[in-house]
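S.K.: One structure follows; several queries about it will come next.
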Amino acid sequence: MSGQDNSTDAIRTRIKPTLDRFAVKALKAWLKVILLPGAADTRATITELVVKHIAEGKLAEGALETALIGFEEASDMRVYLFRMVDAPKFPPVQWLLDRLNALNIPLSDVRVFAGQRSKPMSPIYAHLEGGFLRVKWAEEHRSVKLDDATDKPVYMSFYKRIVLNVDFHAQIAELRLNPPENRHSHYDGGRPTADAYYKAYLDKAKELLNCSLQPIELRPIIKRLIEEEDPRVVRLHIENHTNQRDLKLTSKSSRADVRDDPEWKAGYQGNGESWAWDSPSFYWQPKVSSGFLARELFSRIDVDEGFIKVNADCSDGEVEYVVTQIRAREAKPSEISGLA
Amino acid sequence: MSLPKFEHVKRNHPKLADWLDQLNVYICTQLSSGAAFLLPKLAAAKLGLTDGEAFILLELLAREGILHRVYNVRCRETDTLLATVDSIDALDDIPHCDDCDSDHPSSDLRVEIAFKPVGDGLMRAA
Chain A
0 MSGQDNSTDA IRTRIKPTLD RFAVKALKAW LKVILLPGAA DTRATITELV VKHIAEGKLA
60 EGALETALIG FEEASDMRVY LFRMVDAPKF PPVQWLLDRL NALNIPLSDV RVFAGQRSKP
120 MSPIYAHLEG GFLRVKWAEE HRSVKLDDAT DKPVYMSFYK RIVLNVDFHA QIAELRLNPP
180 ENRHSHYDGG RPTADAYYKA YLDKAKELLN CSLQPIELRP IIKRLIEEED PRVVRLHIEN
240 HTNQRDLKLT SKSSRADVRD DPEWKAGYQG NGESWAWDSP SFYWQPKVSS GFLARELFSR
300 IDVDEGFIKV NADCSDGEVE YVVTQIRARE AKPSEISGLA
Chain B
0 MSLPKFEHVK RNHPKLADWL DQLNVYICTQ LSSGAAFLLP KLAAAKLGLT DGEAFILLEL
60 LAREGILHRV YNVRCRETDT LLATVDSIDA LDDIPHCDDC DSDHPSSDLR VEIAFKPVGD
120 GLMRAA
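Line by line, the protein sequences are chains A and B.
Numbering that gives the first Met the number 0 puts the last residue of the first sequence at 339; the count rises by one with no breaks.
Numbering that gives the first Met the number 0 puts the last residue of the second sequence at 125; the count rises by one with no breaks.
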């Protein structure tokens, strides 16, 4: 930027407060994906590496900010995936602008950080580009715990981000939410509940898009991921399923793939066809990611609750990769679904 | 099972006749091996369908009075089955969770749709 002090000290002063909010491992993986790798395993060294890339003109501060906003919008999220039903076809521009206006969501050319918003469902921005819409809300939650030493409650504030991604061309939508704390403004039966929090944002998304949102079926996707062997897209970390006797079984593997265990393999070969997969954890493999991942990336698919949980520190690109891989394995609706 | 009611469902939905026959075999196998109820997710896994598709097939049999829709109430923390109830109204009276040693509020419970045979016609056919 013209007139801006581009000494390393000035760059460090500008970027450090924001950079410090994100995990070193996640930043390192992101730099590797954008082909700016470097040896940096501590907070100090990753900061110096980013400062160096900016000072040398390899990384623009604007690009860094966009990436960090992406971290805010991707980290520690429960991701719900939907198909839009009876949605308006693209281009939805005037109709959509009216809806955004009615819901007090400011349309912005750029994505921005949420900051510390205390009010529930505070709209941050809506960003419309082509047939893609991204909307961000934020709100404050509090966690209350009893202090063992004083027997007094200790309150801590947490700022939650909620992001809606819509692809009007493909008629699909994705809602990302940080998990709630135990004190917030979404009540059910006289107390704040996680379900009430998720439902409030799902209802808001439906209201904005003026359509039904049909959750995608996650169980067939898990089955496909587990069956894929050559190459393995994921390392199966925790596997759990219900069998035909309604018996729930869990297998965990700290470093290896559960599928390599001879006992598991024997059970799977005998009866795996009829197992109903419940909430396995995976590590997505960078080697088969065509450069989208620079590290093994954790995610858990919870079928009963209908979401995908991703790591506490992820880049937007990492979560987009996971979502794309899951969507690519969706089952096609059959003639049976037409009866619903 | 070749109950008149079942044949009636097939006649009403001829495109689904093959799926209904497969479901029929599945239901008979499950009941004869002692299953108390049928879960859409397990029927789906066995038949290679999605949960939603298996639910639709089971629901067709429920509408004909062959099966009866029930609700399995599970502890969200431990996944223990606490009760099987006939209606949503009965969800207010869920027993103590022994695993957690707690009377859970509704937000700590998970409700799962299941199906039970109506009468013993299916059991005899199985």
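A virtual CB, placed ideally from N, CA and C, is assigned to each residue, including glycine.
Computed from a predicted structure; not experimentally measured.
With a threshold of 6 Å on Cβ separation, who are the neighbours of K45 of chain B within its own chain once the five nearest residues in sequence on each side are excluded?
M.R.: Result list for K45 of chain B: Y25, in chain order.
S.K.: If we define contact as Cβ-Cβ less than 8 Å, is T77 of chain B a contact residue for chain A?
M.R.: No, T77 of chain B does not count as interfacial toward chain A.
S.K.: Less than 8 Å between the beta carbons of P179 of chain A and A193 of chain A, yes or no?
M.R.: Yes, the pair counts as a contact, with Cβ atoms nearer than the cut-off.
S.K.: Run the proximity test for V322 of chain A: is its beta-carbon closer than 7 Å to any non-hydrogen atom belonging to the ligand HEM?
M.R.: Among the components modelled here there is no ligand, and therefore nothing to report on the ligand HEM.
S.K.: Report all residues from its chain with a CB closer than 7 Å to the CB of L57 of chain B; omit the five preceding and five following residues, and keep chain order.
M.R.: Cβ neighbours of L57 of chain B beyond the five flanking positions: L37, P39, A42, L66, F114.
S.K.: Roughly how many angstroms lie between the CA atoms of V153 of chain A and L296 of chain A, to the nearest whole one?
M.R.: If I take the Cα positions, the gap works out to 33 Å.
S.K.: Taking only beta carbons into account, state which residues of the stretch 189 to 210 of chain A come closer than 7 Å to chain B, listed in chain order.
M.R.: So the list reads T192, D194, given in the order they occur along the chain.
S.K.: Of all the alpha helix (DSSP H) runs that stay within the bounds of the stretch 24 to 74 of chain B, which reach a length of 4 or more residues?
M.R.: Here the runs fully enclosed are 39 to 46, 50 to 62.
S.K.: So within the stretch 34 to 116 of chain A, which uninterrupted alpha helix (DSSP H) runs reach at least 4 residues, ignoring any that extend past its ends?
M.R.: DSSP runs (the alpha helix (DSSP H)) wholly in the stretch 34 to 116 of chain A: 42 to 54, 60 to 71, 92 to 101.
S.K.: Please return the same chain residues whose Cβ sits closer than 8 Å to the Cβ of S314 of chain A, not counting the five positions on each side in sequence.
M.R.: These residues qualify, in order along the chain: A25, A28, W29, V32, A66, G69, F70, A73.
S.K.: Determine whether the beta carbon atoms of V257 of chain A and W276 of chain A lie at a separation below 8 Å.
M.R.: No, these two residues do not count as a Cβ contact at 8 Å.
S.K.: Keeping to the same chain, check which residues put their C-beta closer than 6 Å to that of S273 of chain A; ignore five residues upstream and five downstream.
M.R.: Here the set comprises Q243.
S.K.: Here's the rule: buried if 16 or more other CB atoms are within 10 angstroms of the residue's CB, otherwise exposed. What is D50 of chain B?
M.R.: Counting Cβ neighbours within 10 Å, D50 of chain B comes out buried, since at least 16 surround it.
S.K.: Output, in chain order, the set of chain B residues within a Cβ distance shorter than 9 Å of R218 of chain A.
M.R.: Per Cβ cutoff of 9 Å: K40, A43, A44, T49, D50.
S.K.: Is the beta carbon of F131 of chain A sitting closer than 8 Å to the one on D166 of chain A?
M.R.: Going by C-beta atoms, F131 of chain A is nearer than 8 Å to D166 of chain A.
S.K.: What does DSSP give as the partner residues of L201 of chain A in its beta bridges?
M.R.: According to DSSP, which records beta bridges pairwise, L201 of chain A is partnered with nothing at all.
S.K.: Report yes if the CB atom of E173 of chain A is closer than 8 Å to the CB atom of V322 of chain A, and no otherwise.
M.R.: For E173 of chain A and V322 of chain A, yes; Cβs fall inside 8 Å.
S.K.: Residue range of the alpha helix (DSSP H) that R223 of chain A falls in?
M.R.: Looking at the DSSP string, the run of the alpha helix (DSSP H) that includes R223 of chain A is 218 to 226.
S.K.: To which residues of the same chain is S121 of chain A closer than 7 Å at the C-beta, ignoring the five residues directly before and after it?
M.R.: W136, A137, E138.
S.K.: Between the stretch 12 to 28 of chain B and chain A, which residues of the former have CB atoms less than 8 Å from a CB of the latter, in chain order?
M.R.: The stretch 12 to 28 of chain B vs chain A, Cβ under 8 Å: H12, K14, L15, W18.
S.K.: Grouping DSSP H, G and I as helix and E and B as strand, with all else coil, what is K15 of chain A?
M.R.: Correct three-state label for K15 of chain A: helix.
S.K.: Run through chain B and tell me which residues come within less than 8 Å of W274 of chain A, C-beta to C-beta.
M.R.: Going along chain B in sequence order, the residues near W274 of chain A (Cβ under 8 Å) are A44.
S.K.: Pull up the distance between the alpha-carbon of R13 of chain A and that of P191 of chain A, whole angstroms please.
M.R.: Going by the C-alpha atoms only, they are around 38 Å apart.
S.K.: Hey, how far is the Cα of M0 of chain A from the Cα of R299 of chain A?
M.R.: Because the pLDDT at M0 of chain A is just 49, under 50, the model does not fix this residue reliably, and the value given afterwards should be weighed accordingly. Using only the alpha carbons, I get a separation of about 41 Å.
S.K.: Against E227 of chain A, what residues of chain B qualify as contacts under a CB-to-CB distance less than 7 Å, listed in chain order?
M.R.: Neighbours of E227 of chain A on chain B: none; closest Cβ ~16 Å, over 7 Å.
S.K.: Nearest to G114 of chain A by alpha carbon, out of A:I161, A:S336, A:I221?
M.R.: Nearest of A:I161, A:S336, A:I221 to G114 of chain A, Cα basis: A:I161.
S.K.: Determine, for S336 of chain A, whether the minimum Cβ-Cβ distance to residues of chain B falls below 8 Å.
M.R.: Yes, its Cβ sits closer than 8 Å to a Cβ of chain B.
S.K.: Under 7 Å Cβ-Cβ, which residues of chain B neighbour A333 of chain A?
M.R.: Looking at the sequence itself, residue 333 of chain A is Ser, so the reference to Ala does not match. Here the neighbours are E52.
S.K.: To which residues of the same chain is W263 of chain A closer than 8 Å at the C-beta, ignoring the five residues directly before and after it?
M.R.: So the qualifying residues of the chain are E238, S250, V257.
S.K.: Which residues in chain B sit within 8 Å of A172 of chain A, going by Cβ to Cβ distance?
M.R.: What A172 of chain A touches in chain B: nothing, since even the nearest Cβ is about 18 Å away.
S.K.: Between which residues of its own chain and V109 of chain A is the CB-CB distance below 6 Å, once the five residues before and five after are set aside?
M.R.: Taken in chain order, the list of residues that qualify is empty.
S.K.: Report the partner residues of T83 of chain B according to the DSSP bridge assignment.
M.R.: DSSP output for T83 of chain B lists B:N71 as bridge partner(s).
S.K.: Should D187 of chain A be flagged as near chain E, meaning a C-beta pair shorter than 8 Å?
M.R.: No chain E is part of this structure, whose protein chains are labelled A and B.
S.K.: If R109 of chain B sits next to R62 of chain B, beta carbons under 8 Å apart, how far is it from one beta carbon to the other, in whole angstroms?
M.R.: With 8 Å as the limit, R109 of chain B and R62 of chain B do not qualify as a contact, their Cβ atoms being about 25 Å apart.
S.K.: What are the partner residues of N239 of chain A, as DSSP defines its beta bridges?
M.R.: Beta-bridge pairing links N239 of chain A to A:T249.
S.K.: Counting only beta-carbon separations shorter than 8 Å, does P94 of chain B have a partner in chain A?
M.R.: Output row for P94 of chain B: interface = no.
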